Structures are given as C-alpha cells and as structure tokens.
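Q:
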Amino acid sequence: MNEENPIKEAERYIDNARQLLSEKGGKEGGYYTDRKYVRMAGHTAWCGVLTALDAALNIKEKLKKGKRADIKDYQEALGKTDKKMSRIMMNSYDTLHKILGYDGNLNYKIVQAGLSEAQVVIKWAGKCYKS
Numbered sequence: 007m008n009e010e011n012p013i014k015e016a017e018r019y020i021d022n023a024r025q026l027l028s029e030k031g032g033k034e035g036g037y038y039t040d041r042k043y044v045r046m047a048g049h050t051a052w053c054g055v056l057t058a059l060d061a062a063l064n065i066k067e068k069l070k071k072g073k074r075a076d077i078k079d080y081q082e083a084l085g086k087t088d089k090k091m092s093r094i095m096m097n098s099y100d101t102l103h104k105i106l107g108y109d110g111n112l113n114y115k116i117v118q119a120g121l122s123e124a125q126v127v128i129k130w131a132g133k134c135y136k137s
C-alpha cells in the first residue's frame, strides 16, 4: 500500500483490476467469461479513480465532518476546475461503477475503455496533486 503517494496508490488499483481480469476474468473472443471478476475489477478501478480525485481535489477536507462524499461532490469540484475532466470522470463513473461494477458487462472493449478512461483521470489528478 502506498499511502504517502495517493496517485501511485490509484495506479495500483488499476493494475490490480487489470491483473484480476487477466488471471480470473477468462476471455473468449471479444468477451470476458466470468461476470463476478468483471464486477470486482470495475469496482477496484473505480476506487482508484476516487483515490486520485480525493488527493487532487481535497474533496474530503471540503466536506462537513462525518459527511460521506458522493458523485455529486466530485462532479461539482471538477466542474469548477476542469469541465472536460468532469465529463470524463462521469463517463468513468458510468462505465466502471455502474456498467462493470453493478451490471458486470462482459464486453472486452467496454471494459478496456473504462480502464483507459480511469487512467486519464488518474493522470490528470497526478498533475493537480503535484502542483
């Protein structure tokens, strides 16, 4: 675990999601074969996105004590900072959290697109976190 550098920790989440898919997701043609591991990978990758955004935007520090951050908090903070990134983050939310994490969509291209967008958000967060 890399708590000193939350961006590296976020990247580790993405690596873990990819590893989970390659080792246990099973792939035949353009589809994964095990919905359980696609769901786990989607959830893992989404946690990586949140870890990066928390570091870049200080979401938790801006909230009232005891309040849990929700997607609207992230969307609002990003909307003030970078509207384009806000759209990418919302697409990541839809793909990783909903389509993969809940529905377990097995389509390889959709899974890979979600992981790629997660990396875009994490890379952006890394630039913000360093400055």
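Everything in the sequence shown is counted per the numbering used here, starting at 7 for the first residue and increasing by one.
Don't be surprised by glycine CBs; every beta carbon is placed ideally from N, CA and C.
None of the values given here were measured: they were computed from a predicted structure.
(1) Okay, do the segment 85 to 98 and the segment 106 to 117 touch, 3+ Cβ pairs below 8 Å being the bar?
(2) Give me the DSSP bridge partner(s) of residue 33.
(3) Would you decide whether residue 122 is buried or exposed? Buried here means 16 or more other CB atoms lie within 10 Å of its CB.
(4) To the nearest angstrom, how far is the alpha carbon of residue 69 from that of residue 75?
(5) For the putative contact between residue 20 and residue 124, defined by C-beta atoms under 8 Å, what is the C-beta separation to the nearest angstrom?
(6) Need the endpoints of the alpha helix (DSSP H) that residue 87 sits in, please.
(7) Spatial neighbours of residue 30 within its chain, please: C-beta separation below 6 Å, excluding the five flanking residues on both sides.
(8) Could you name the residues of the same chain whose beta carbon sits closer than 8 Å to that of residue 84, not counting the 5 residues immediately before and after it, in chain order?
(9) Taking only runs of the alpha helix (DSSP H) that begin and end inside the segment 88 to 128, which ones reach a length of at least 4 residues, in chain order?
(10) Which residues mark the beginning and the end of the alpha helix (DSSP H) in which residue 22 is found?
(11) According to DSSP, simplified to helix, strand and coil, what is residue 132?
(12) Considering residue 66, what are the terminal residues of the alpha helix (DSSP H) in which it resides?
A: A quick look at the data gives this:
(1) no
(2) If you number the sequence shown from 1, residue 33 lands on position 27. Answer is 38.
(3) Stepping through the sequence shown from its first residue, residue 122 is reached at position 116. Exposed, since its Cβ has fewer than 16 Cβ neighbours within 10 Å.
(4) Here residue 69 corresponds to residue number 63 of the sequence shown, with the count starting at 1. Here residue 75 corresponds to residue number 69 of the sequence shown, with the count starting at 1. So the alpha carbons of these two residues sit roughly 7 Å apart.
(5) Taking the sequence shown and counting its residues from 1, one reaches residue 20 at position 14. Taking the sequence shown and counting its residues from 1, one reaches residue 124 at position 118. The Cβ separation is near 6 Å, so the contact holds.
(6) Locating residue 87 in the sequence shown gives position 81, counting from the first residue. Residue 87 -> alpha helix (DSSP H) spans 77 to 87.
(7) Numbered from 1 along the sequence shown, position 24 holds the residue referred to as residue 30. Excluding positions up to five away in sequence, the list reads 43.
(8) As a working note, residue 84 is residue 78 in the sequence shown. 59, 63, 91, 92 and 95.
(9) 89 to 98
(10) Along the sequence shown, read from residue 1 onward, the residue named residue 22 stands at position 16. 12 to 26 is the span of the alpha helix (DSSP H), which, as asked, contains residue 22.
(11) Position 126 of the sequence shown, counted from the start, is the residue given in the question as residue 132. Residue 132 falls in the helix class under three-state DSSP.
(12) Position 60 of the sequence shown, counting from 1, holds the residue named residue 66. Run containing residue 66: 65 to 68, per the alpha helix (DSSP H) assignment.
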